[in-house]
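Residue numbers (numbering that gives the first Met the number 0): 0 to 148. By construction, the Cβ of each residue, glycine as well, lies at the ideal position given by its N, Cα and C atoms. Small disclaimer: the values here were computed from a predicted structure and weren't measured. Let me begin by presenting the structure, written as structure tokens, before commenting on it.
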Amino acid sequence: MEGDVSKKAYFIEKGCIRLWYNNNGKDITFQFFFENEGVSSFESFNTGQPSLFTMEAIEPCVLQWIHKDDFDAVLREEPLIKEDFYKVIAERQMKYMHHFLSFLKDTPKQRYANLLKEKPHIIKRVPLQYIASYLGITPVSLSRIRKII
Numbered sequence: 000m001e002g003d004v005s006k007k008a009y010f011i012e013k014g015c016i017r018l019w020y021n022n023n024g025k026d027i028t029f030q031f032f033f034e035n036e037g038v039s040s041f042e043s044f045n046t047g048q049p050s051l052f053t054m055e056a057i058e059p060c061v062l063q064w065i066h067k068d069d070f071d072a073v074l075r076e077e078p079l080i081k082e083d084f085y086k087v088i089a090e091r092q093m094k095y096m097h098h099f100l101s102f103l104k105d106t107p108k109q110r111y112a113n114l115l116k117e118k119p120h121i122i123k124r125v126p127l128q129y130i131a132s133y134l135g136i137t138p139v140s141l142s143r144i145r146k147i148i
């Protein structure tokens, strides 16, 4: 939760979680996480500082969790798990960079078309107001774009 220190990381067995940021009362969707993905308020989990984000289940979820102390112990004791973890973090960082760059270079219509092509599961499972927020547009703009595409 925003303002809390994250002490747990979660593995999603079933469901969808949305990470969002409160920007002066307006929620901005940062990312969606689905089955077989890990999620936490990573900056808080890693630094021990209060989280900037809120995690919200937008579908019924089945989760496994691990406490920060246990997670750190696993990384210290299991080099292969640590290596895999860093690969996942690097992949996620690249996805975030691509998402950020799309805001700089693509129109809202292009961002939606890319989402449709690259992540159709989001379109099928996530409510439209959260998709609009993720794309940086209003629900009305998203509705117009969906009529065109």
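Inset, instruction - Using the Cα positions of H97 and Q63, report the straight-line distance between them to the nearest angstrom. - result: 29 Å
Inset, instruction - Can you give me the Cβ contacts of P59 inside the same chain, cut-off strictly under 7 Å, excluding the 5 residues immediately before and after it? - result: G14
Inset, instruction - Evaluate the contact criterion for the segment 23–40 versus the segment 117–137: three or more CB pairs, one atom per stretch, below 8 Å. - result: yes
Inset, instruction - Return the chain-ordered ranges of every beta strand (DSSP E) run that is complete within the segment 32–56 and spans a minimum of 3 residues. - result: 52–56
Inset, instruction - Provide the residue span of the alpha helix (DSSP H) that contains N23, from first to last. - result: No alpha helix (DSSP H) holds N23; DSSP gives it neither H nor E.
Inset, instruction - Have a look at the DSSP bridge pairing and note the partners of A8. - result: I65
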